[in-house]
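First to last, the sequence lines map onto chains A, B and C.
If you count the first sequence from 1, position 202 lands on 201 in numbering that gives the first Met the number 0, and the numbers rise without skipping.
If you count the second sequence from 1, position 310 lands on 309 in numbering that gives the first Met the number 0, and the numbers rise without skipping.
If you count the third sequence from 1, position 261 lands on 260 in numbering that gives the first Met the number 0, and the numbers rise without skipping.
By construction, the Cβ of each residue, glycine as well, lies at the ideal position given by its N, Cα and C atoms.
To start, the structure itself, in structure tokens.
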Amino acid sequence: MSNAPLVTGAPRDIVGPVATPAAGSDFAARFRANSEYVVIPLIALLIAAALFAVFLMAIGKSPVDFVSYVWRGGFGTSFSLQNTLQRSAPLILTALAVAIPARIGLIMIGGEGALVLGGFASAVVAIPMLGRVPPMPTLIIMAIFAMIVGGFWVGLAGFLRYARGVNETISSLLLTYIGIAIMNFFVEGALRDLSDPNKPSTKPLGKAYMVGVIPGTEVHWGIVFGVALCIALYILMTRTTFGFAARVTGGNFRAALAQGLPVGRLIVACSAIAGACAGLAGFFEVAAIQGRANASLAAGYGFTGILVSFLARHNPLAIPVVAILFGGLVASGGLIQRRMGLPDATVLVLQGLIFVVLLTSETLYGRFSMFKPPAERDRT
Amino acid sequence: MSGYEFTRRNLLKSAALSAAGASLNLPAFSRAFAAADLTVGIVYVGARDDFGWNQAHAVAIKSLKEVPGVKVVEEENVPETDAVSKSMESMINLDGAGLILATSFGYYKPFVLDLAKKYPDVQFRHAAPLWNKDTDPKNAGSYFGYLNQAHYVNGVAAGLCTKTNKIGFVAAKPIASVLSNINSVLLGARSVNPNASVRVIFTGDWSMPVREAESANALVDAGCDVITCHVDGPKVVIETAEKRGVMSCGHNASQAPLAPKGFITGAEYKWITIYKGYASDLAAGKTLPNFLIGGYEVDFVQNTPFGAAATDPAKKAALAAIAGLKAKKPIYVGPLKDNKTGKVVIDKTYDNLDPYLDKMDYLLEGVVGSTT
Amino acid sequence: MNEPAILTVLIAMLGGAIRVSTPFMFVSLGECLTEKSGRVNLGLEGTLVLGAMVAYAFSYHTGSPWIGVLAAGVAGSALGAMHGSICGLPRVNDVAVGIAMMLFGVGVAFFFGKPYIQPEAPRLGSIPLGLWSDSASLKSALQVNPLFFIGIALAVVMAWSLRNTRWGLVVRTVGDSAAAARAMGISVNFVRLMTTTVGGFAAGVGGAFLSLSYPGSWNQGLSSGQGLMAVALVIFARWDPLRCIAAALLFGAAGAIGPSLQSIGITQGYYFFNAAPYILTLGIMIATSSAKHSARDMPGELSIAK
Numbered sequence: 000m001s002n003a004p005l006v007t008g009a010p011r012d013i014v015g016p017v018a019t020p021a022a023g024s025d026f027a028a029r030f031r032a033n034s035e036y037v038v039i040p041l042i043a044l045l046i047a048a049a050l051f052a053v054f055l056m057a058i059g060k061s062p063v064d065f066v067s068y069v070w071r072g073g074f075g076t077s078f079s080l081q082n083t084l085q086r087s088a089p090l091i092l093t094a095l096a097v098a099i100p101a102r103i104g105l106i107m108i109g110g111e112g113a114l115v116l117g118g119f120a121s122a123v124v125a126i127p128m129l130g131r132v133p134p135m136p137t138l139i140i141m142a143i144f145a146m147i148v149g150g151f152w153v154g155l156a157g158f159l160r161y162a163r164g165v166n167e168t169i170s171s172l173l174l175t176y177i178g179i180a181i182m183n184f185f186v187e188g189a190l191r192d193l194s195d196p197n198k199p200s201t202k203p204l205g206k207a208y209m210v211g212v213i214p215g216t217e218v219h220w221g222i223v224f225g226v227a228l229c230i231a232l233y234i235l236m237t238r239t240t241f242g243f244a245a246r247v248t249g250g251n252f253r254a255a256l257a258q259g260l261p262v263g264r265l266i267v268a269c270s271a272i273a274g275a276c277a278g279l280a281g282f283f284e285v286a287a288i289q290g291r292a293n294a295s296l297a298a299g300y301g302f303t304g305i306l307v308s309f310l311a312r313h314n315p316l317a318i319p320v321v322a323i324l325f326g327g328l329v330a331s332g333g334l335i336q337r338r339m340g341l342p343d344a345t346v347l348v349l350q351g352l353i354f355v356v357l358l359t360s361e362t363l364y365g366r367f368s369m370f371k372p373p374a375e376r377d378r379t
Numbered sequence: 000m001s002g003y004e005f006t007r008r009n010l011l012k013s014a015a016l017s018a019a020g021a022s023l024n025l026p027a028f029s030r031a032f033a034a035a036d037l038t039v040g041i042v043y044v045g046a047r048d049d050f051g052w053n054q055a056h057a058v059a060i061k062s063l064k065e066v067p068g069v070k071v072v073e074e075e076n077v078p079e080t081d082a083v084s085k086s087m088e089s090m091i092n093l094d095g096a097g098l099i100l101a102t103s104f105g106y107y108k109p110f111v112l113d114l115a116k117k118y119p120d121v122q123f124r125h126a127a128p129l130w131n132k133d134t135d136p137k138n139a140g141s142y143f144g145y146l147n148q149a150h151y152v153n154g155v156a157a158g159l160c161t162k163t164n165k166i167g168f169v170a171a172k173p174i175a176s177v178l179s180n181i182n183s184v185l186l187g188a189r190s191v192n193p194n195a196s197v198r199v200i201f202t203g204d205w206s207m208p209v210r211e212a213e214s215a216n217a218l219v220d221a222g223c224d225v226i227t228c229h230v231d232g233p234k235v236v237i238e239t240a241e242k243r244g245v246m247s248c249g250h251n252a253s254q255a256p257l258a259p260k261g262f263i264t265g266a267e268y269k270w271i272t273i274y275k276g277y278a279s280d281l282a283a284g285k286t287l288p289n290f291l292i293g294g295y296e297v298d299f300v301q302n303t304p305f306g307a308a309a310t311d312p313a314k315k316a317a318l319a320a321i322a323g324l325k326a327k328k329p330i331y332v333g334p335l336k337d338n339k340t341g342k343v344v345i346d347k348t349y350d351n352l353d354p355y356l357d358k359m360d361y362l363l364e365g366v367v368g369s370t371t
Numbered sequence: 000m001n002e003p004a005i006l007t008v009l010i011a012m013l014g015g016a017i018r019v020s021t022p023f024m025f026v027s028l029g030e031c032l033t034e035k036s037g038r039v040n041l042g043l044e045g046t047l048v049l050g051a052m053v054a055y056a057f058s059y060h061t062g063s064p065w066i067g068v069l070a071a072g073v074a075g076s077a078l079g080a081m082h083g084s085i086c087g088l089p090r091v092n093d094v095a096v097g098i099a100m101m102l103f104g105v106g107v108a109f110f111f112g113k114p115y116i117q118p119e120a121p122r123l124g125s126i127p128l129g130l131w132s133d134s135a136s137l138k139s140a141l142q143v144n145p146l147f148f149i150g151i152a153l154a155v156v157m158a159w160s161l162r163n164t165r166w167g168l169v170v171r172t173v174g175d176s177a178a179a180a181r182a183m184g185i186s187v188n189f190v191r192l193m194t195t196t197v198g199g200f201a202a203g204v205g206g207a208f209l210s211l212s213y214p215g216s217w218n219q220g221l222s223s224g225q226g227l228m229a230v231a232l233v234i235f236a237r238w239d240p241l242r243c244i245a246a247a248l249l250f251g252a253a254g255a256i257g258p259s260l261q262s263i264g265i266t267q268g269y270y271f272f273n274a275a276p277y278i279l280t281l282g283i284m285i286a287t288s289s290a291k292h293s294a295r296d297m298p299g300e301l302s303i304a305k
């Protein structure tokens, strides 16, 4: 029985190997190596689609119809496309909440709880400001509060992992359930707005204090902030010392410790960033969609975000693309229900299938010689 | 099973129609409500066959499908977020719906309201008494059956069937309509049995089978011999009560088959009255009423036929209560105190549809339980 | 009924401990076996829900609830085998696959389970053990389902065979040091595939209990994270099957606190009482973990340990 401390950090191949520094910095070689990260997921998606098509045919439905409805409902008309973008906005942020800790080797799935508490915090902090402080500063303060509260919540899981070795996957999930209970407790009790007796909520923000839509569209600003955050965090994780230190820690914990990296601070920082992203998603749910905090905040965006992040291989630049794909799937769900008579669980099955196939495809990396630079191919 | 009815022909027909509509961007005005073609879109917050809230709507809308010229599109498990906006919009744009029925509380503000402003030629009706004639658009509206009247009848029957004088109530959340149901059961029971009391346990959410079963068990352990509830799917509560050998009263839809020995009666919605009314109004080209609420006096609620546990005196009293409610006999006759502070919350006699009752946030004295 | 309030709560907790603990027992025993061999299966939540659906469906069609239980076990082992074989491939992360299987299992269960929400299926009967008592609530608390005893028996068998049989030694070796196992000529992947499959069978049976005994109904809200809590339970029980039973009983009792307190009139803050199991799990995990020393008895090969 080894006496090794719990938090050892043998390589957890979630992130995948860093692309081999191409011999001679040849662009073609780098392209070849990196294309592996695009081709294999694509193959996986095709396989998942094929399996799903078989499934559909087995229950007597037409896969062609399915695809056409996904297209029509998700991307085919201007309405559908905007629906998709709206659905993707929270997914981008909650996916970031999984991607950033993944880079440091943690699997955190507490986005849902951080979203709920962040949204709740922002609704609450707005109450004394409504009518006294103008909308723009109010919204900024609300967003900041949402990020602080969300960041604290997931940061807590990160801290527990570092200080006490508590498995972060389970603790972040437990914190999600606890966070939702906290929100419900306050929303139905002390902070309940009494003017609406039938749906316990906090005090409504009112139209003037809500985040509006991007002019010319019907999509709110959340998606812009989501994409901007993706770019910013990508730069943070790949081009700064912090990001480099985090990735070293994620790759080999012991080596990072040996190097003297402030591992504890890195873990908590990454967890807090993750929670802040999810908290921001909660802010947008409250300020752009609902106008108040209530039980509808726990709509599952956090959990779908997990999926999006894994599919994007935890790369912040790939997240918006995957989120939009998923947004389209979810957006077309209603049409599929109505036209094909399929239950809404169909989309769940498809998502699960994609996830499973994609994770299985991890095993294909490094197997195909076409992705290796010519010199390497000759080695056995 | 309901829902898998779309034949190939229907599919092709609707696909062709909507393809034409989408590509031509037909303006809203051309969606004429001719008797020949009306599409009604209905959105459920849960599963259609939950033996409860959603099923009550689904059963009613099924009879609408029989009406010639009416097509119904349904979508279930739509959460109370902007997802419902998109669902409704999709029904309008891609299915050509002319009437949208939104069946969950949280759909109204802001989703139904915003969409009603955007599509002035589509009619929106929401299943909760929230429409405000001064601030809300005219193509939106509310409809609601005051189920508490049927719960009052439950209480009357239970009050005469109970031997321990304790009636157990498993409730989801402490919102006005739930609280009114609880209070009505109490008032109904006390009208025939002054010693009756109601014990309530809140589970915290609309559908939590394990907690509902635990709550039902806890109530029976605390001495209740009649169990009733207000949760989305009463199946578990009624089955648990039956397993424990106590009596039960149903809610939302008919659970009589689940409790062959212990069922007394149940409070059911009769949405069909309203839906058929809407369909015929639309077919005749009339505008739909904006605010359609009521109870027994307009046949919007009903009680499940009596089960095996209903005694003859209970049946007689219940039928008399129903007759009284049909004649608009008031339930809330003051002065009545609340059960926490003892202050008078019902000061006078309130008509059964009085909006004051819609703001209920208290439990009456005689109910054991707390709202927080 | 006329007993003092505290007794009411205690009896309710006893009843809850017996009733609500059974699915926890089966899932945690299944996960215990899987983790003993060095693999984590977070997908048991999906297996639990799928097991519940399959059990209800088979019971409905065949009229026999025990066939339903068996079918649930088979379905669970199918999911377990799927998890085990995928994780056996190189470079696949088993925690992630678990989350994916959870999603997939729940999706399939809801998809095929739709027609079964309404109909009544024959349920599992209970053995009334409380006939000696005068108290109706105690009698009801002691209505014990045979699966409860099967679960305890399973734990005893598992504990004994892990310690005393060759197969148990193989599993433990694979879990503590894969290199040592390979040196002995054991196929690590095969052993893990077997344990994950058997673990899935157990979780499926746990799900069958939910739909066929308590609460005894199939619908989409049946499980609220019980599968995942069972995984935490295993850590709390320090990978000992007998302690898993004790932990499951504790959790069952914790789940019964909320409604029971309300029934005797303590009604404030019921949200927190309802969240008690989660808070309890988290508290226990914090208390039993430590950064300095590895958790005692943790199989060395577990990826969550690395």
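On the DSSP bridge list, what partners appear for S200/A?
The count along the first sequence starts at 1 and reaches residue 200/A at position 201. Partner(s): N293/A.
Looking only at its chain, what residues have a beta carbon closer than 8 Å to the beta carbon of Y68/A, apart from the 5 residues adjacent to it on each side?
As a working mapping, residue 68/A is identified with position 69 in the first sequence. If we look at Y68/A and ignore the five residues flanking it on each side, its Cβ neighbours are S331, L334, I335, R338, M339.
Can you list, in chain order, the stretches of the alpha helix (DSSP H) that have 4 or more residues and sit fully within the segment 230-256 of chain B?
Segments of the alpha helix (DSSP H) lying fully in the segment 230-256 of chain B: 234-243.
Distance, A274/C Cα to N183/A Cα
Residue 183/A sits at position 184 when you count from the first residue of the first sequence. Residue 274/C sits at position 275 when you count from the first residue of the third sequence. Roughly 11 Å between the two C-alpha positions.
So A101/B and F123/B are in contact, right, with Cβ under 8 Å, and what is the actual spacing, rounded?
Taking the second sequence and counting its residues from 1, one reaches residue 101/B at position 102. Taking the second sequence and counting its residues from 1, one reaches residue 123/B at position 124. A101/B to F123/B, Cβ: 7 Å. Contact.
Report all residues from its chain with a CB closer than 7 Å to the CB of V134/A; omit the five preceding and five following residues, and keep chain order.
By 1-based counting over the first sequence, the position of residue 134/A is 135. Rather than Val, the amino acid found at residue 134/A in this sequence is Pro. Closer than 7 Å at the Cβ level, and outside the excluded window around P134/A, lie A207, Y208.
Three or more C-beta pairs below 8 Å linking the segment 223-236 of chain B and the segment 244-261 of chain B:
Flag = yes, the segment 223-236 of chain B and the segment 244-261 of chain B touch.
State yes or no: is the C-beta of P259/B within less than 8 Å of the C-beta of A307/B?
By 1-based counting over the second sequence, the position of residue 259/B is 260. By 1-based counting over the second sequence, the position of residue 307/B is 308. Yes, the Cβ-Cβ distance between P259/B and A307/B is below 8 Å.
So with CB distances below 7 Å, who are the chain A contacts of E364/B?
For the purposes of this step, residue 364/B is identified with residue 365 of the second sequence, where counting begins at 1. Within 7 Å Cβ-Cβ: nothing; E364/B doesn't reach chain A, min ~20 Å.
Using a Cβ distance threshold of 8 Å, determine whether the segment 260-267 of chain A contacts the segment 122-130 of chain A, with at least three qualifying pairs required.
Touching, no, given that fewer than three Cβ pairs across the two stretches are closer than 8 Å.
Specify, as a first and last residue, the run of the beta strand (DSSP E) that R124/B falls within.
By one-based count along the second sequence, residue 124/B stands at place 125. Where R124/B is concerned, the enclosing beta strand (DSSP E) stretches over 122-125.
In the structure shown, what three-state DSSP assignment does K336/B receive?
Taking the first residue of the second sequence as 1, we reach residue 336/B at position 337. K336/B: strand per DSSP, three-state reduction.
Distance, L209/C Cα to A74/C Cα:
As a first step, residue 74/C is located in the third sequence; it is residue number 75 there, counting from the start. As a first step, residue 209/C is located in the third sequence; it is residue number 210 there, counting from the start. For A74/C and L209/C, the distance between alpha carbons rounds to 15 Å.
Near M157/C, which residues of its chain fall below 8 Å by C-beta distance, leaving aside the five closest residues on each side in sequence?
Taking the first residue of the third sequence as 1, we reach residue 157/C at position 158. Excluding positions up to five away in sequence, the list reads L28, C31, L32, P240.
Please go through the segment 283-369 of chain A and give each complete alpha helix (DSSP H) segment of 4 or more residues, from N-terminal end onward.
Annotation note: the segment 283-369 of chain A contains the following uninterrupted alpha helix (DSSP H) runs of length 4 or greater, listed N- to C-terminal: 300-310, 318-339, 344-360.
Beta-carbon neighbours of E111/A, restricted to chain B and to distances below 7 Å
Position 112 of the first sequence holds residue 111/A. Going along chain B, no residue has its Cβ under 7 Å from E111/A, so there is no contact; the nearest lies around 13 Å.
Where does C31/C fall in DSSP's three states?
On the third sequence, position 32 is the one that residue 31/C refers to. When secondary structure is reduced to three states using DSSP, C31/C falls in the helix class.
Give the C-beta separation of A170/B and F201/B to the nearest angstrom, bearing in mind that I take them to be a contact with Cβ-Cβ under 8 Å.
In the second sequence, residue 170/B corresponds to position 171, counting from 1. In the second sequence, residue 201/B corresponds to position 202, counting from 1. Contact flag correct, Cβ pair sits at about 5 Å.
From K132/B to V355/A, what distance separates their C-alpha atoms?
Numbered from its first residue, the second sequence carries residue 132/B at position 133. Numbered from its first residue, the first sequence carries residue 355/A at position 356. Rounded to the nearest angstrom, the two C-alpha atoms are 52 Å apart.
If I measure Cβ to Cβ from P173/B and keep anything under 8 Å in the same chain, skipping five residues before and after, which residues do I get?
Numbered from its first residue, the second sequence carries residue 173/B at position 174. Exclusion of the five residues before and after P173/B leaves F201, D360, T370, T371 as the residues of its chain whose Cβ lies within less than 8 Å of its Cβ.
Which one of V69/B, P288/B, H56/B, I181/B has the shortest CA to CA distance from N338/B?
Reading the second sequence from its first residue, position 339 is the one you call residue 338/B. The residue with the shortest Cα to Cα distance from N338/B is I181/B.
Determine, using beta carbons only, whether A96/A and A271/A come nearer to each other than 8 Å.
The count along the first sequence starts at 1 and reaches residue 96/A at position 97. The count along the first sequence starts at 1 and reaches residue 271/A at position 272. Going by beta carbons, A96/A and A271/A fall outside the 8 Å limit.
With 8 Å as the C-beta to C-beta threshold (strictly closer), list the residues of the segment 146-176 of chain B near chain A in chain order.
Answer set for the segment 146-176 of chain B: K172, P173, I174, A175, S176.
For a cutoff of 8 Å on Cβ pairs, would you count A122/A as touching chain B?
Numbered from its first residue, the first sequence carries residue 122/A at position 123. Not one chain B Cβ lies under 8 Å of A122/A.
Taking the DSSP output, what are the residues bridged to L44/A?
Numbered from its first residue, the first sequence carries residue 44/A at position 45. Answer is none; L44/A lacks a bridge partner.
What's the gap between the Cα of L9/C and the Cα of L287/B?
The count along the third sequence starts at 1 and reaches residue 9/C at position 10. The count along the second sequence starts at 1 and reaches residue 287/B at position 288. For L9/C and L287/B, the gap between their C-alpha atoms comes out near 56 Å.
Would you call the segment 302-320 of chain A and the segment 58-74 of chain C touching, i.e. three or more CB-CB distances under 8 Å?
Verdict: no, contact absent.
Of all the residues that make up the segment 104-117 of chain B, which are near chain A by a beta-carbon distance shorter than 8 Å?
Contacts with chain A (Cβ-Cβ distance below 8 Å) from the segment 104-117 of chain B involve F104, G105, K108, P109, listed in chain order.
What's the C-alpha gap between V191/B and D311/B?
Your numbering for residue 191/B matches position 192 in the second sequence. Your numbering for residue 311/B matches position 312 in the second sequence. Here the alpha carbon of V191/B sits roughly 14 Å from the alpha carbon of D311/B.
Span of the beta strand (DSSP E) holding S206/B?
Position 207 of the second sequence holds residue 206/B. It is not in any beta strand (DSSP E) - S206/B carries neither H nor E in the DSSP assignment.
Against A255/C, what residues of chain B qualify as contacts under a CB-to-CB distance less than 9 Å, listed in chain order?
Mapped onto the third sequence, residue 255/C falls at position 256. E213, N216, A217, listed in chain order.
Can you check whether the CB of R163/A is closer than 8 Å to the CB of I285/C?
Taking the third sequence and counting its residues from 1, the one referred to as residue 285/C is at position 286. Taking the first sequence and counting its residues from 1, the one referred to as residue 163/A is at position 164. When the beta-carbon positions are compared, I285/C and R163/A come within less than 8 Å of each other.
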